[in-house]
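> Counting along the sequence shown from 1, when you hit position 196 you're at 196 in full-length UniProt numbering, and nothing is skipped either side. All residues carry an ideal CB built from backbone N, CA and C; glycine is no exception. Attaching a single structure in structure tokens format; questions to follow.
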Amino acid sequence: MTRRCDRRGREVAVLLDDFGHRLPARPTVEQPPRERGPFAQPVPRRGPRGRGLGRAATPAPLTVWRMTSEQTPVVWPLIATSGLPPTGAQMGIDLLSGGAFYCDPIGWVTDDDIPVTNPNVVVFGKPGRGKSATVKALALRMLGFGYRTLVLGDTKDEYEPLCRALGVEPFVLGSGLPARINPLAFGPLGSGWERLDEAEARRRGAILFARWLVLLRGLVGSQSVPFGPVEETAVGEALRLLTGHRTGASRLTEVTIPRLWRALDEPPDELVAGCRYADRRHFLDATRTLRDALGSLVKGSLAGLFDDHTTIAVDWRAPIQSLSLSRLEPLGDSAVGIALTCLNSWGQAMREIADPGDLRIVIRDETWRQMRLGVEAVRSLDANLRLSRRDADVQILLAHKPSDMLTAGDAPSQAVAIARDLLHLCDVKVLHGQDQAVGDELGAMLGLAPTAQRVVTGWAVAGQGRALWLVGDRAFKVQTVLTAPELRLTFTNEALTAGGPA
Ligand SMILES: Nc1ncnc2c1ncn2[C@@H]1O[C@H](COP(=O)(O)OP(=O)(O)OP(=O)(O)O)[C@@H](O)[C@H]1O
Ligand SMILES: [Mg+2]
């Protein structure tokens with residue numbers, strides 16, 4: 001790279017040459033004889049004289065640089081990268097190129113020219129900078145491309161207007177309300193069970209048992225109780241017995257968490273023998289912590305929420321499904337976290353009947369609440385992110401800052417290590433405005449160039465919906481543009497303005 005300058009000292013080209021990096025030399029081209037220009041009169045350097053003709057009072061300070069296109073992004077990291085194809089949802093303006101910015105995570109994965117290998121999206125930003133609004137606009141605009149949306153736990157009830165606008169009534173969970181969800185329900189896999197042939201019934205049974213085990217591991221783990229092979233055998237055997245799977249019943253019986261707990265607390269002889277214990281006393285001693293953890297879920301603050309058969313009729317094929325959880329807020333973070341874990345299992349059930357090409361956007365707003373439950377909760381999220389390619393899901397995680405995701409345990413713990421890796425399972429990162437300290441944290445974790453970091457801590461802070469979009473290793477400075485109806489649907493400042501958008 002050479003800069004035409006008269007200052008003394010070694011030039012950049014000479015310095016780089018010391019490191020074996022050759023910069024293109026200025027070509028010595030014979031100047032061809034000057035042709036007569038097409039314009040009769042050349043335009044003066046400062047523009048034509050005269051009112052309204054755009055004459056500059058002082059000429060623009062131009063400097064001349066010469067470098068290869070490979071070197072350009074090192075000196076100007078945010079110079080518009082080659083654009084993305086105009087497919088998917090049109091989100092707003094790409095301010096570096098001046099063109100429209102389109103978001104199409106699954107399209108990006110299938111396009112070899114775009115350095116993205118999974119369709120997961122993580123959105124960070126200070127409160128009120130427009131994270132949720134951007135995601136709501138994406139969900140809404142992707143509807144036209146056949147995507148359905150699942151909001152896995154709406155802790156502020158802010159997705160309700162969007163659901164109603166799409167003709168779907170969101171479910172509301174809370175103490176004393178009629179809606180109940182049985183996390184151990186069959187979900188859509190249970191439909192038409194009696195008509196299934198033996199092989200299909202066995203296949204579905206295996207999927208169900210695997211999902212229940214993941215869920216129970218998360219729920220028991222949230223009480224800081226280990227869930228090892230002993231617990232797994234006891235729970236698996238009890239479930240097989242209670243559902244009738246053990247006896248080869250053609251129609252399985254649905255189990256609830258209190259029934260499971262009772263079976264473990266007063267184990268029938270088949271259960272004791274099935275788990276290979278010498279006697280009941282032996283079984284009860286070995287499963288004490290497991291039974292206590294399940295018992296506290298049944299009798300604790302979540303009593304009446306997840307401990308009976310599901311009372312809501314879920315339309316698994318609606319354009320959007322959401323569960324409002326704000327009524328759980330008074331019960332504390334762990335109650336919300338446990339509810340999110342149960343909903344996660346619910347969300348997986350939804351995938352179990354998905355046909356190929358059934359595309360979903362799964363929104364996990366306030367992800368950190370679930371992560372706080374510990375390593376099993378983090379693991380289950382990790383599994384979902386890894387399967388997103390297979391399931392054609394766009395998993396979207398929203399959080400204020402990366403360290404929120406790392407509250408999963410003590411600093412060096414396994415949960416923190418998995419949580420840190422989760423960021424690498426999201427190839428698309430949307431970085432809304434952040435304070436300087438968080439900007440530094442983001443910069444270090446994601447390897448942001450200082451220019452990119454300044455976009456996040458400066459430009460993006462100054463407006464709602466402004467964000468640096470990292471699509472693989474390409475950066476885009478994007479302003480999300482909301483239409484008037486979308487502004488109404490995404491308005492979350494009621495408490496501050498006591499009304500709707502101005
Ligand atoms: N691109 C945009 N243009 C105009 N207004 C916007 C835009 N994005 C968001 N807003 C408005 O800003 C407000 C806050 O947005 P939003 O609720 O999405 O923030 P958030 O980052 O999710 O906040 P929190 O962290 O508290 O959940 C909303 O009222 C929304 O309508
Ligand atoms: Mg939000």
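#1: Tell me whether the beta-carbon of residue 22 lies closer than 8 Å to the beta-carbon of residue 66.
#2: Spatial neighbours of residue 105 within its chain, please: CB distance less than 7 Å, with the 5 preceding and 5 following residues excluded, ordered by chain position.
#3: Sorted by chain position, which residues of the same chain lie with C-beta nearer than 8 Å to residue 101's C-beta, five sequence neighbours on each side aside?
#4: Taking only three categories from DSSP, how would you classify residue 475?
#5: Does the distance between the C-beta of residue 365 and the nearest non-hydrogen atom of ligand 2 fall short of 7 Å?
#6: Are at least three pairs of beta-carbons, each pair with one atom in the segment 320-327 and one in the segment 279-287, less than 8 Å apart?
#7: So residue 220 packs on residue 227, CB below 8 Å; how close in whole Å?
#8: Enumerate in chain order the residues of its own chain whose CB-to-CB distance from residue 343 is below 7 Å, with the five nearest sequence positions on each side excluded.
#9: Tell me the rounded alpha-carbon separation between residue 375 and residue 414.
#10: Whose C-beta lies closer than 7 Å to the C-beta of residue 16 among residues of the same chain, with five residues either side of it excluded?
#11: Could you give the DSSP three-state label for residue 497: helix, strand or coil?
#12: Apart from the five residues on each side of it in sequence, which residues of its chain come closer than 7 Å, Cβ to Cβ, to residue 174?
#13: Three Cβ pairs or more, each shorter than 8 Å: is that satisfied between the segment 179-191 and the segment 139-151?
#14: Using a Cβ cut-off of 8 Å (strictly closer), state whether residue 334 contacts chain C.
#15: So what's residue 435 in DSSP terms, helix, strand or just coil?
#16: Would you call the segment 450-463 and the segment 435-442 touching, i.e. three or more CB-CB distances under 8 Å?
#17: Would you say the beta carbon of residue 346 is closer than 7 Å to some non-hydrogen atom of ligand 4?
#18: Could you spell out the range, first to last residue, of the beta strand (DSSP E) harbouring residue 148?
#19: Which word fits residue 391, buried or exposed, when buried means at least 16 other C-beta atoms lie within 10 angstroms of its C-beta?
#20: Using a Cβ-Cβ cut-off of 6 Å (strictly less than) and excluding sequence neighbours within five positions of residue 492, which residues of its own chain qualify?
#21: Are there 16 or more other CB atoms within 10 angstroms of the CB of residue 36, so buried, or fewer, so exposed?
#22: Residue 131: beta carbon under 7 Å from a heavy atom of ligand 2?
#23: What's the C-alpha gap between residue 280 and residue 257?
#24: Buried or exposed, going by whether 16 or more other CB atoms sit within 10 Å of the CB of residue 267?
#25: Looking at the unbroken alpha helix (DSSP H) that takes in residue 142, where does it start and where does it end?
#26: Per DSSP, which one or two residues make a beta bridge with residue 89?
#27: From 127, 99, 29, 63, pick the residue whose C-alpha is nearest to that of residue 435; which is it?
#28: Would you say residue 398 touches ligand 2, meaning its beta carbon is less than 7 Å from a heavy atom?
#29: What are the start and end residues of each continuous beta strand (DSSP E) run of 3 or more residues lying completely inside the segment 296-348, in chain order?
#30: Does the Cβ-Cβ distance between residue 162 and residue 489 come in under 8 Å?
#31: In the DSSP assignment, find the unbroken beta strand (DSSP E) run with residue 359 in it and report its ends.
#32: Could you work out which residue in 361, 315, 217, 242 is closest to residue 135 when comparing CA atoms only?
#33: Any heavy atom of ligand 1 closer than 7 Å to the beta-carbon of residue 464?
#34: Checking the sheet assignment: what are the DSSP bridge partners for residue 467?
#35: Determine the closest residue to residue 345 out of 112, 109, 217, 53, with distance taken between C-alpha atoms.
#36: Would you say residue 432 and residue 131 are within 8 Å of each other, going by their C-beta atoms?
Taking the structure as given:
#1: Contact flag unset, no.
#2: Cβ neighbours of residue 105 beyond the five flanking positions: 119, 121, 394, 428.
#3: Once the five neighbours on either side are set aside, the close Cβ partners of residue 101 are 84, 90, 91, 92, 93, 94, 469, 476, 478.
#4: Note: residue 475 maps to strand in three-state DSSP.
#5: Yes, ligand 2 has a heavy atom inside 7 Å of this Cβ.
#6: No, because fewer than three Cβ pairs between the segment 320-327 and the segment 279-287 fall closer than 8 Å, the two stretches do not touch.
#7: Yes, residue 220 and residue 227 are in contact; Cβ-Cβ is about 5 Å, under 8 Å.
#8: Contacts found: 152, 153, 323.
#9: Distance from the CA of residue 375 to the CA of residue 414, rounded to the nearest whole angstrom, comes to 7 Å.
#10: Closer than 7 Å at the Cβ level, and outside the excluded window around residue 16, lie 23.
#11: Taken through DSSP and simplified to helix, strand or coil, residue 497 comes out as helix.
#12: Correct list, in chain order: 327, 328.
#13: The way I'd put it, the segment 179-191 doesn't touch the segment 139-151; fewer than three beta-carbon pairs between them come closer than 8 Å.
#14: Going by chain labels, chain C is absent from the structure shown, which holds only one protein chain.
#15: DSSP places residue 435 outside both helix and strand once states are collapsed to three, so it counts as coil.
#16: Counting Cβ pairs under 8 Å, three or more are found: they touch.
#17: With respect to ligand 4, the structure offers nothing, as its ligand set consists of ligand 1 and ligand 2.
#18: Boundaries of the beta strand (DSSP E) around residue 148: 147-154.
#19: The residue is buried, with at least 16 neighbouring Cβ atoms inside 10 Å.
#20: For residue 492, where only same-chain residues beyond five positions count, the Cβ hits under 6 Å are 158.
#21: The residue in question, residue 36, is exposed, as its Cβ has fewer than 16 Cβ neighbours within 10 Å.
#22: Within the cutoff, so yes.
#23: Each residue's Cα considered, the two are about 21 Å apart.
#24: Label assigned to residue 267: buried.
#25: For residue 142, the enclosing alpha helix (DSSP H) starts and ends at 131-142.
#26: According to DSSP, residue 89 bridges with 103.
#27: The residue with the shortest Cα to Cα distance from residue 435 is 127.
#28: Yes, the beta carbon of residue 398 sits closer than 7 Å to at least one heavy atom of ligand 2.
#29: Unbroken beta strand (DSSP E) stretches of 3 residues or longer found wholly inside the segment 296-348: 320-324, given in chain order.
#30: Annotated as proximal: residue 162 and residue 489, with beta-carbon spacing under 8 Å.
#31: Where residue 359 is concerned, the enclosing beta strand (DSSP E) stretches over 359-364.
#32: Looking at the Cα atoms, 361 is the closest of the given residues.
#33: Correct: residue 464 has its Cβ closer than 7 Å to ligand 1.
#34: Partner(s): 432, 478.
#35: Restricting attention to 112, 109, 217, 53, the CA atom closest to the CA of residue 345 is found in 217.
#36: Yes, they are a contact pair.
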